[in-house]
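Beneath this line is the structure, given in structure tokens, with notes to follow.
Protein chains: 2
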Amino acid sequence: MRCEVVAVGTELLLGQVVDTNSAWIGEQLALAGIDSHFQVKVGDNQARIVTAIRDALARSDAVICCGGLGPTQDDITREAIAEVMGVELQRDEAVAAVIREMFATRGRVMSDNNLRQADVPEGAIVIPQTRGTAPGLICLAPPGDSHGVAGVVYAVPGVPTEMREMVRRAVIPDLQRRSGTTATILSRTLRTWGLAESTLAEVIAPRVDALEASGNPTIAFLASGIEGLKVRITAKGDDAASVRLLLDEEEAALRALLGDVVFGVDDESMEVAVAALLRHAGLTLGLAESLTGGLVGARITAVPGASEFFRGAIVSYDRAVKHDLLGVPPGPVVSEAAAGAMAVGAARVLGADVGLAVTGVAGPEEQDGQPVGTVWLGLALDGEVSATLVRLPGHRQQVRQLAAISLLDLLRRRLTARAGAR
Amino acid sequence: MRCEVVAVGTELLLGQVVDTNSAWIGEQLALAGIDSHFQVKVGDNQARIVTAIRDALARSDAVICCGGLGPTQDDITREAIAEVMGVELQRDEAVAAVIREMFATRGRVMSDNNLRQADVPEGAIVIPQTRGTAPGLICLAPPGDSHGVAGVVYAVPGVPTEMREMVRRAVIPDLQRRSGTTATILSRTLRTWGLAESTLAEVIAPRVDALEASGNPTIAFLASGIEGLKVRITAKGDDAASVRLLLDEEEAALRALLGDVVFGVDDESMEVAVAALLRHAGLTLGLAESLTGGLVGARITAVPGASEFFRGAIVSYDRAVKHDLLGVPPGPVVSEAAAGAMAVGAARVLGADVGLAVTGVAGPEEQDGQPVGTVWLGLALDGEVSATLVRLPGHRQQVRQLAAISLLDLLRRRLTARAGAR
Chain A
44 MRCEVVAVGT ELLLGQVVDT NSAWIGEQLA LAGIDSHFQV KVGDNQARIV TAIRDALARS
104 DAVICCGGLG PTQDDITREA IAEVMGVELQ RDEAVAAVIR EMFATRGRVM SDNNLRQADV
164 PEGAIVIPQT RGTAPGLICL APPGDSHGVA GVVYAVPGVP TEMREMVRRA VIPDLQRRSG
224 TTATILSRTL RTWGLAESTL AEVIAPRVDA LEASGNPTIA FLASGIEGLK VRITAKGDDA
284 ASVRLLLDEE EAALRALLGD VVFGVDDESM EVAVAALLRH AGLTLGLAES LTGGLVGARI
344 TAVPGASEFF RGAIVSYDRA VKHDLLGVPP GPVVSEAAAG AMAVGAARVL GADVGLAVTG
404 VAGPEEQDGQ PVGTVWLGLA LDGEVSATLV RLPGHRQQVR QLAAISLLDL LRRRLTARAG
464 AR
Chain B
44 MRCEVVAVGT ELLLGQVVDT NSAWIGEQLA LAGIDSHFQV KVGDNQARIV TAIRDALARS
104 DAVICCGGLG PTQDDITREA IAEVMGVELQ RDEAVAAVIR EMFATRGRVM SDNNLRQADV
164 PEGAIVIPQT RGTAPGLICL APPGDSHGVA GVVYAVPGVP TEMREMVRRA VIPDLQRRSG
224 TTATILSRTL RTWGLAESTL AEVIAPRVDA LEASGNPTIA FLASGIEGLK VRITAKGDDA
284 ASVRLLLDEE EAALRALLGD VVFGVDDESM EVAVAALLRH AGLTLGLAES LTGGLVGARI
344 TAVPGASEFF RGAIVSYDRA VKHDLLGVPP GPVVSEAAAG AMAVGAARVL GADVGLAVTG
404 VAGPEEQDGQ PVGTVWLGLA LDGEVSATLV RLPGHRQQVR QLAAISLLDL LRRRLTARAG
464 AR
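In the order they appear, the protein sequences are chains A and B. No gaps in the numbering here: position 281 of the first sequence is 324 in the working numbering, and each next residue is one more. No gaps in the numbering here: position 7 of the second sequence is 50 in the working numbering, and each next residue is one more.
This is the structure in structure tokens:
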């Protein structure tokens with residue numbers, strides 16, 4: 044089974060909007076075991092959309108058209124699909140009723156344009172809308188018709204949240220049914236921090252070897268920029284319960300090899316992991332940030348409910364603020380002594396159980412004879428104070444981002460070890 | 044003149060990497076007056092890359108292939124282009140010498156694979172590499188050849204920095220020469236904050252009308268997410284000097300209408316604008332952040348050299364920190380009084396000339412009876428204290444981001460007015 048993606052929108056070609064939808068759909072197709080060999084962007088021009096769909100159907104079994112389903116005159120994906128199918132558009136009164144109802148309940152006046160979204164190619168199956176006002180479509184091109192196309196054309200909205208929900212709910216299951224796949228395929232991603240890709244590969248090599256014979260589950264590596272490396276487990280089976288069991292078993296086997304290198308699962312960020320550990324331990328946190336300038340606090344407070352455990356931060360960017368407010372002793376401020384004193388000072392000034400601190404050289408220039416990327420992390424907890432040196436690669440923004448996640452990871456490991464010891 | 048983009052890489056189809064290159068190239072083509080009707084992603088498979096290039100040449104005059112020029116066996120764009128052209132690859136000894144030299148000066152051992160990057164299709168023009176090791180290519184398909192293709196195929200690396208430099212330096216000028224365009228086209232973007240798109244359109248309508256007759260320069264609007272709206276001026280002329288003059292004149296005319304709504308030009312962010320004003324005024328800054336949790340400090344310190352004017356921040360996330368450390372009087376902390384007191388407290392505690400503060404409700408739940416999006420901005424400067432209420436739309440992360448940029452904008456306007464009054 045092969046499926047292409049046609050992303051519709053002149054704004055995509057002009058670079059005003061980056062097409063992230065195709066990448067997301069491509070990932071879902073791969074996870075569902077469906078090949079995608081070509082993905083195309085085309086503007087809001089009916090003849091060209093028709094060309095793009097026909098070319099795609101000539102090469103593949105299915106096409107997902109993304110975008111161009113809205114109410115404006117620019118939204119002509121419906122018309123283009125009808126032309127490819129050699130049929131007319133007709134108003135679906137059930138869809139029209141839903142659209143009218145949606146406007147009525149929101150107390151808004153509906154212009155007639157909105158009913159264009161209820162026009163569907165004859166013979167099309169409607170994918171009911173749940174979030175926006177545009178329904179999706181499933182259209183079958185009969186094999187050997189006069190246009191020489193055969194296959195299935197899906198249409199989904201271009202708004203990412205609406206598109207994702209509809210692809211998950213209706214498109215992937217329909218594709219799997221048509222491909223004769225009755226298997227359930229699920230994946231789970233373990234997120235890691237602290238190992239290089241080659242080291243990570245060595246550590247989990249025993250599992251990769253063990254799985255080679257059965258090929259189920261499979262393991263893949265994904266880099267995710269500065270947020271660490273991901274290990275994705277993909278498993279296949281007759282039903283969701285048995286597939287989840289395979290994922291559980293493989294996750295346990297990988298965690299036994301990786302230990303506390305794993306910080307989260309799927310969309311779980313480092314700050315979510317830290318927040319869960321702080322809540323569990325019943326500890327409050329105070330920060331002292333220098334080169335990160337507030338990045339660590341911004342990440343912690345991105346977690347809803349952070350006020351339960353986060354007291355605040357002292358961003359001591361200026362040297363005098365470190366000495367006067369945090370009580371850092373005279374001397375160099377990118378140092379073991381400064382990092383420790385900042386952590387102690389943060390806990391004291393902010394009235395927190397845990398003091399966490401970061402000081403270092405972000406660049407562009409070296410500071411006090413220390414090269415760019417020299418970063419000290421400080422931690423004060425349970426009456427103990429420690430400081431850790433890391434040397435981070437890259438330029439100013441990368442050093443700052445890596446310093447923030449390194450600091451959060453330090454706390455995560457300490458709290459994990461602490462919970463294990465109790 | 045029509046030019047398509049073929050982005051090469053299996054990782055793009057699988058969604059492991061989002062193809063931002065095509066969007067960027069599409070924008071450059073549009074600015075250069077060249078149409079781009081289709082953009083395609085294809086995997087690392089020679090037959091499919093050949094298909095993608097042939098299809099593109101059948102529809103358009105030129106194709107830019109992006110990616111697949113590296114040293115590994117997966118990098119087969121060179122081979123695919125040679126197949127399309129019906130020629131062989133041959134080693135370009137001058138390019139090979141540059142690659143050997145690059146490894147030698149970095150003291151690294153070169154594997155022979157790297158010399159694959161010196162293999163070019165017979166008859167191709169080499170675009171010399173300046174940053175990486177892979178040169179770009181310009182290949183001409185003769186009209187009416189046996190493959191039925193005609194036109195020009197460019198190859199550029201997939202690494203964004205290398206790609207951009209090469210497209211700007213060699214590809215766009217070559218396309219313009221072939222299209223018979225001798226004109227120089229340049230653009231300049233004015234970045235604005237604070238007006239809705241419809242209001243902005245009304246304000247600059249006189250300029251849009253005035254330019255309609257000549258069509259040079261032209262004006263376009265671009266949304267840029269939460270960072271405000273952009274007004275792009277594009278001008279055309281015989282040489283760069285005369286085009287810059289047109290841009291200067293139009294910028295002045297637009298600024299006269301827009302006033303201090305314009306915060307920057309091109310890549311200039313809000314924090315860069317604020318930093319320049321603080322430096323110019325010789326003032327130091329201290330922050331007090333609540334719902335933003337450090338976002339404002341993180342933005343300010345993203346500007347290299349921020350240590351010249353930025354003292355630091357008190358992230359007073361917990362209520363007690365506001366009262367105890369910043370001297371906020373007892374009572375509600377999302378209030379005019381609290382925002383003003385936080386600003387005064389930040390300036391005092393951090394020893395800064397300017398105190399800037401933000402307190403509000405990010406959600407997910409309301410606080411002290413105030414709805415999500417209620418945000419107070421405080422400013423203490425020149426012995427005056429003021430507080431401003433804003434009501435921001437969206438959910439937690441959007442409210443936090445909008446609060447941060449609103450606060451920076453408040454300071455920007457105040458410093459601009461202050462500089463004008465002196």
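Note that CB positions come from ideal geometry on N, CA and C, so glycine has one too.
For residue i and chain B, any beta-carbon pair shorter than 8 Å?
| i | result |
| --- | --- |
| residue 360(A) | yes |
| residue 366(A) | no |
| residue 82(A) | yes |
| residue 189(A) | At residue 189(A), the pLDDT of 46 sits below 50, so the modelled position is not reliable; the number obtained from the coordinates is stated separately. False, the Cβ-Cβ gap to chain B never drops below 8 Å. |
| residue 63(A) | yes |
| residue 59(A) | yes |
Verify the CB distance criterion: does residue i have a CB-CB separation below 8 Å to chain A?
| i | result |
| --- | --- |
| residue 242(B) | no |
| residue 67(B) | yes |
| residue 124(B) | no |
| residue 456(B) | no |
| residue 98(B) | yes |
| residue 95(B) | yes |
| residue 111(B) | no |
| residue 350(B) | yes |
How far does the alpha helix (DSSP H) with residue i in it reach, from first residue to last?
| i | result |
| --- | --- |
| residue 248(B) | 240-255 |
| residue 359(A) | Taken as a continuous stretch (DSSP letters only), residue 359(A) belongs to no alpha helix (DSSP H), as it is neither H nor E. |
| residue 284(B) | 283-301 |
| residue 94(B) | 89-102 |
| residue 444(B) | 439-464 |
| residue 340(B) | 338-343 |
| residue 72(B) | 64-74 |
| residue 205(A) | 203-209 |
Residue j and residue i - do their beta-carbons sit closer together than 8 Å?
| i | j | result |
| --- | --- | --- |
| residue 205(A) | residue 165(A) | no |
| residue 331(B) | residue 395(B) | no |
| residue 269(A) | residue 247(A) | no |
| residue 107(B) | residue 48(B) | yes |
| residue 361(B) | residue 354(A) | yes |
| residue 451(B) | residue 313(B) | yes |
| residue 454(A) | residue 399(A) | yes |
| residue 318(B) | residue 306(B) | no |
| residue 193(A) | residue 179(A) | no |
| residue 93(A) | residue 127(A) | yes |
Counting only Cβ pairs nearer than 9 Å, list the residues of chain E close to residue i.
| i | result |
| --- | --- |
| residue 347(A) | The structure shown has no chain E; the protein chains it does contain are A and B. |
Starting from residue i and walking both ways along the beta strand (DSSP E), at which residues does that stretch end?
| i | result |
| --- | --- |
| residue 50(B) | 46-51 |
| residue 349(B) | Where residue 349(B) is concerned, there is no enclosing beta strand (DSSP E), given that its DSSP letter is neither H nor E. |
| residue 280(B) | 272-280 |
| residue 372(B) | Note, residue 372(B): premise wrong, no beta strand (DSSP E); not H, not E. |
| residue 120(A) | No beta strand (DSSP E) holds residue 120(A); the alpha helix (DSSP H) holding it covers 120-128. |
If I measure Cβ to Cβ from residue i and keep anything under 7 Å in the same chain, skipping five residues before and after, which residues do I get?
| i | result |
| --- | --- |
| residue 228(B) | 74, 75, 76, 277, 279 |
| residue 434(B) | 416, 417 |
| residue 219(A) | 75 |
| residue 181(A) | 167, 168, 170, 195, 197, 217 |
| residue 139(A) | 158, 161 |
Can you list, in chain order, the residues of its chain whose CB lies under 6 Å from that of residue i, leaving out five sequence neighbours each side?
| i | result |
| --- | --- |
| residue 195(A) | 105, 183 |
Just to confirm my understanding: we take residue i, look at its own chain, exclude 5 residues before and 5 after, and list those with CB closer than 8 Å. What are they?
| i | result |
| --- | --- |
| residue 189(A) | Low local confidence applies: a pLDDT of 46 at residue 189(A) is under 50, so the model's placement there is unreliable, with the coordinate-based value given in what follows. Excluding sequence neighbours, residue 189(A) sits near 129. |
| residue 250(A) | 262, 293, 296, 297, 300 |
Exercise for review: Could you tell me whether the stretch 116-129 of chain A touches the stretch 106-115 of chain B, where touching means 3 or more Cβ pairs closer than 8 Å?
Suggested key: Counting C-beta pairs with one atom in each stretch, the stretch 116-129 of chain A and the stretch 106-115 of chain B have fewer than three that are closer than 8 Å, which means they do not touch.
Exercise for review: Inspect the CB distances between the stretch 71-84 of chain A and the stretch 48-56 of chain A and report whether three or more fall short of 8 Å.
Suggested key: By the C-beta criterion, the stretch 71-84 of chain A is judged to be in contact with the stretch 48-56 of chain A, since at least 3 inter-stretch pairs fall below 8 Å.
Review point. Okay, do the stretch 61-80 of chain A and the stretch 210-225 of chain A touch, 3+ Cβ pairs below 8 Å being the bar?
Key: As far as the Cβ criterion goes, the stretch 61-80 of chain A touches the stretch 210-225 of chain A, which means the pair count is three or higher.
Practice item. Report yes or no: do the stretch 143-154 of chain B and the stretch 231-245 of chain B share at least 3 C-beta pairs separated by less than 8 Å? Key: No, because fewer than three Cβ pairs between the stretch 143-154 of chain B and the stretch 231-245 of chain B fall closer than 8 Å, the two stretches do not touch.
Exercise for review: For the stretch 293-308 of chain A and the stretch 359-372 of chain A, state whether three or more C-beta atom pairs, one from each stretch, are separated by less than 8 Å.
Suggested key: Look at the beta carbons and you see the stretch 293-308 of chain A not touching the stretch 359-372 of chain A: under three pairs across the two are nearer than 8 Å.
Review point. With contact counted as at least three CB pairs below 8 Å, one residue from each stretch, are the stretch 439-446 of chain A and the stretch 394-408 of chain A in contact?
Key: A contact between stretches requires three or more CB pairs, one per stretch, nearer than 8 Å, and the stretch 439-446 of chain A meets this requirement with the stretch 394-408 of chain A.
Check your understanding: So, do the stretch 426-434 of chain B and the stretch 376-392 of chain B have three or more beta carbon pairs nearer to each other than 8 Å?
Key -> Enough Cβ pairs lie closer than 8 Å, so yes.
Check your understanding: Is there contact between the stretch 332-346 of chain B and the stretch 325-340 of chain A, where contact requires at least three CB pairs shorter than 8 Å?
Key -> Yes, since at least three Cβ pairs between the stretch 332-346 of chain B and the stretch 325-340 of chain A fall closer than 8 Å, the two stretches touch.
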